[in-house]
Amino acid sequence: MIRRLRPLLALMLAGALAVAPAAALGASGAQVALASAAAPQITGSITTATPTVLTAASTLRVTADIVNDADDAVTGSQVHLRVTDAPLTSHEQIADFLDSPESYGRHTVVESSLGGTVGLPGHDDLTLTLAADSTTLDLPADAAGVYGVTVTVVGADGAVSVDAMVVTWAPVDLPTLQVAAVATATGTSARAAAVTAAAPLAEVAYLVDPTVNDAQAVASHEIYRVPAGSLDLTSMARDDGAALVDYAVGAANDAAAAVMRTAPLIVPVAVADQATLDAAAGAGAAAVILDRRFDLQGVTGGDDASVVDVPAGDGSIAVIRPDETLSTVLATYRPGTAAAASRLVAEAAVSALAGRDTPLVVSPGQSWVLSDTDASMPLRALLNAPWVEAVPLSAALSAPDRPSASAASASTGTEDDLPTDAIAQLDDALSGVQLIAASSADPTASLQEYASQLLTAASLQSRANTGTRAALIAGAVDTAHDAIDGLSIATSAELNLIAAKGALPITVRNLVDQDVTVVVSATTGSPNLRITGQPTVTIPAGGETVVQIPVSAVSTANVKVRVVLRAETGENLSAPQTLTVRVRADWGNAATLVFSILLALLLIAGVIRTVRRGRRDTRLSPDEFTSLPDGSMVSDASDSASGAPEDDEPSDDADPAAPVDEDAIGGEPRDNA
């Protein structure tokens, strides 16, 4: 921890120390004021420290970066590695020492020159390593304990501790401490993957959101599932959020791998009040686990047990109370640094030395600040500590002698609950997207896309960030309504029907990114038009389709027709649209009659024309007839058959002097009597 002290204050403290009795720095561990003065421009940090647990055979090696922020060089200064004179015996003392190391008596175990004869130039830095073996440390040979360590720069103007850490001194065995480590893999898929990578040890139990985790990444661990989206059960239970709860613990997980979908349910909660516990029991939860960001102390009774039984529903439910100190240190204390690992191990040593005989649950929760490295150094160091026995969470949950406790007050944390109107909006939006998704080509994927945002808006993470929660809710609801309102009827408000039977062309549009199957339903209260069918159609994603609705007209009228898109199960999927249909059934009949009359007239005219043409074609010219001996005239058979004479020359057999009876032309002789 970086410390800077003003020169004036440093000189005052130095003067006070000069007259203080040496007993003030004794081994009692009492907090005392130490001289601490130096050029305030010197800062630094511990980068590595090994080992985290010191024994009689160990050598403590601490590497630190020292930085000169001033313009002028710092010369003639020393860097000291100092250790507290007395052990730190409680979690509170560890926290206080790290916050104010100058308040504790320390002695120098090793020192080194800062930059040698040239010192440390302005705006420059250097890295140095200080090492001290067990003899140099001069710690008790027969008693384990936690000690504070500082890297202190000592100059002509005084001393300043540029960083501080704690180490565990274990020349003898410490009492065994059972630890159940729990990692919560929720949020986005990337966040869940980062959590499982940070806690790869097989001893770690996973609380997983089945909708965002990879089954292969968690399969080798003890697995429990949490509600999808880490839903804020307390807000839902205190209001009417049952539909969101049912979805989060049920249908939201349908597409998840069986290993996660069928895992026992543990619900992270903000407050373990009676309503929350009853809701968890009703959802089939095996336990609830308190989120360290909220109310860890609300459940009373059961001494300091990590798992207690609290009445809920028709029986009781297990409430997991993570150790606040160790869980918080793992979650947020200087992630990725050696100081973080040393402190977590030291906190565990304090718990062991205090004689804790029940399993301790360490759970950084959903706000675990992960370092850039894959595996968490503090978590690994904790589970590898010689006195720590890693136990499965199931062992703590199944212990037959779990103590009983009482639920938290119903008024605890009410100021952070999700507002009633927000829950109603989220619930309505979820119902809407569920309907749309059920009719889409891939219902599970379509629903999860929108529902996940609704659950995130109602999550524990949202509860912890009330300043941005309203915007998160509004965004999730708006996105859901983009899908809910994505199906519409695009047809103009007026249509014409000029026949007794026909179809109404209806254009339907789909702005959802999935193909959606709908029933196009039309209704009318007018007796002048009958709807004779309700076609089913699949509208392509982002496209539109024209649907023909069959109808029959009874009489001429302007008819109001209400058209809506429905799911195949009957629910409305779009806003209804009212169309005006101008029905002109008699126009169609009149047009048909006129057409029929015209057709008949044309037919008659055609027949007459054909008959007249036929008569003309059967008449014979005088050249087509031959005189018979009795003076009658007959036509030549061959000429009649051909319909025209083959030769215009008269016949050799005919009598050229024979008179022609002109009245016989036409095929029959005229009677001259």
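With mature numbering (1 follows the signal peptide of the UniProt record, and there is no 0) applied, the sequence shown covers -22 to -1, 1 to 651.
Every residue gets a Cβ at the ideal spot worked out from N, C-alpha and C, and that includes glycine.
Keep in mind it's a predicted model, so treat the numbers as computed, not measured.
**Request:** Consult DSSP for His199 and reduce its assignment to one of helix, strand or coil.
**Result:** coil
**Nonlocal neighbours in the same chain, by C-beta distance under 8 Å from Gly262, ignoring five residues either side** = Val227, Leu243
**Asked** Going by the CB atoms, is the gap between Pro246 and Val185 shorter than 8 Å?
**Response** Correcting the residue identity first, residue 185 is Leu in this sequence and not Val. Contact flag set, yes.
**Beta bridge counterpart(s) of Ile509 as assigned by DSSP** = Val529
**Cα-Cα separation between Val144 and Thr86, rounded to whole angstroms** = 15 Å
**Prompt:** CB Arg84 to CB Val52, shorter than 8 Å?
**Reply:** no
**Request:** Mind reading off the beta-carbon distance from Ile462 to Val486? Whole number of angstroms is fine, and I expect it under 8 Å.
**Result:** Their Cβ separation, rounded to whole angstroms, is 15 Å, which puts Ile462 and Val486 out of contact at 8 Å.
**Item:** Spatially closest choice to Gly126 from Gly207, Gln194, Val40, Val182, by CA coordinates
**Value:** Val40
**Message:** Taking the beta carbon of Asp649 as the centre, do at least 16 other beta carbons fall within 10 Å, making it buried, or is it exposed?
**Reply:** Because the pLDDT of Asp649 is 44, which lies under 50, any placement of that residue in the model is unreliable, and the question is left without a value.
**Prompt:** Is Glu427 helix, strand or coil by DSSP?
**Reply:** helix
**Request:** State buried or exposed for Pro65, treating a residue as buried only when at least 16 other CB atoms are found within 10 Å of its CB.
**Result:** buried
**Sequence ranges, alpha helix (DSSP H) only - wholly within the region 214 to 241, length at least 4** = 220 to 227, 236 to 239
**Straight-line gap, Ala5 to Ala206 (C-alpha atoms, nearest Å)** = Per-residue confidence for Ala5 stands at a pLDDT of 32, beneath the threshold of 50, marking its modelled position as unreliable; the derived number appears in the next sentence. In a straight line, the C-alpha of Ala5 is about 53 Å away from that of Ala206.
**Item:** Spatial distance of Asp301 from Leu357 (CA atoms)
**Value:** 14 Å
**Item:** Distance between beta carbons of Leu360 and Ala407, contact taken as under 8 Å
**Value:** At roughly 43 Å, the Cβ-Cβ gap does not stay under 8 Å, so Ala407 and Leu360 are not in contact.
**Message:** Which residues does DSSP list as the beta-bridge partners of Arg544?
**Reply:** Val497, Asn550
**Message:** Under 8 Å: do the region 407 to 418 and the region 534 to 548 share three or more Cβ pairs, one atom per stretch?
**Reply:** yes
**Item:** Spatial neighbours of Ala442 in its chain, beta-carbon cut-off 6 Å, leaving aside the 5 residues before and after
**Value:** Arg271
**Message:** Spatial neighbours of Val88 within its chain, please: C-beta separation below 6 Å, excluding the five flanking residues on both sides.
**Reply:** Leu59, Leu108, Ala110
**Asked** Taking all protein chains shown into account, do 16 or more other C-beta atoms lie within 10 angstroms of the C-beta of Ile582, making it buried, or fewer, making it exposed?
**Response** exposed
**Asked** Opposite Asn536 in the DSSP bridges: which residues?
**Response** Arg560
**Asked** So, are the CB atoms of Val31 and Val129 less than 8 Å apart?
**Response** no
**Message:** Tell me the rounded alpha-carbon separation between Leu304 and Leu117.
**Reply:** 25 Å
**Asked** According to DSSP, what are the bridge partners of Thr147?
**Response** Strictly speaking, residue 147 in this sequence is Trp, with Thr absent from that position. Its beta-bridge partners are Leu32, Gly123.
**Segments of 3+ residues assigned as beta strand (DSSP E) that fall wholly inside the region 253 to 321** = 265 to 268, 285 to 290, 293 to 298
**Request:** Quick one: using the 10 Å Cβ neighbour count with 16 as the cut-off for buried, is Gln426 buried or exposed?
**Result:** buried
**Request:** Select from Thr25, Ala264, Gln156 the residue whose C-alpha is nearest the C-alpha of Glu367.
**Result:** Gln156
**Item:** Limits of the alpha helix (DSSP H) - the one that Ile517 falls within
**Value:** No alpha helix (DSSP H) contains Ile517, which is instead part of the beta strand (DSSP E) from 514 to 517.
**Request:** Classify Arg216 as buried or exposed, calling it buried when 16 or more other Cβ atoms lie within 10 Å of its own Cβ.
**Result:** buried
**Prompt:** Closest by CA to Val347, which one among Glu80, Ser78, Pro99, Thr162?
**Reply:** Thr162
**Request:** Whole angstroms is fine: what's the gap from Gly293's alpha carbon to Asp282's?
**Result:** 22 Å
**Prompt:** Run through DSSP, which three-state label would Asp395 get?
**Reply:** coil
**Message:** My parser needs the alpha helix (DSSP H) runs of 4 or more residues fully inside the region 404 to 467; what are they?
**Reply:** 421 to 435, 438 to 441, 444 to 462
**Request:** Inspect the CB distances between the region 447 to 461 and the region 524 to 544 and report whether three or more fall short of 8 Å.
**Result:** no
**Asked** Is DSSP giving His152 helix, strand or coil here?
**Response** A quick correction: the sequence has Leu, not His, at residue 152. Three-state DSSP puts Leu152 in coil, outside helix and strand.
**Prompt:** For the beta strand (DSSP E) that Ser90 lies in, which residues bound it at each end?
**Reply:** 84 to 91
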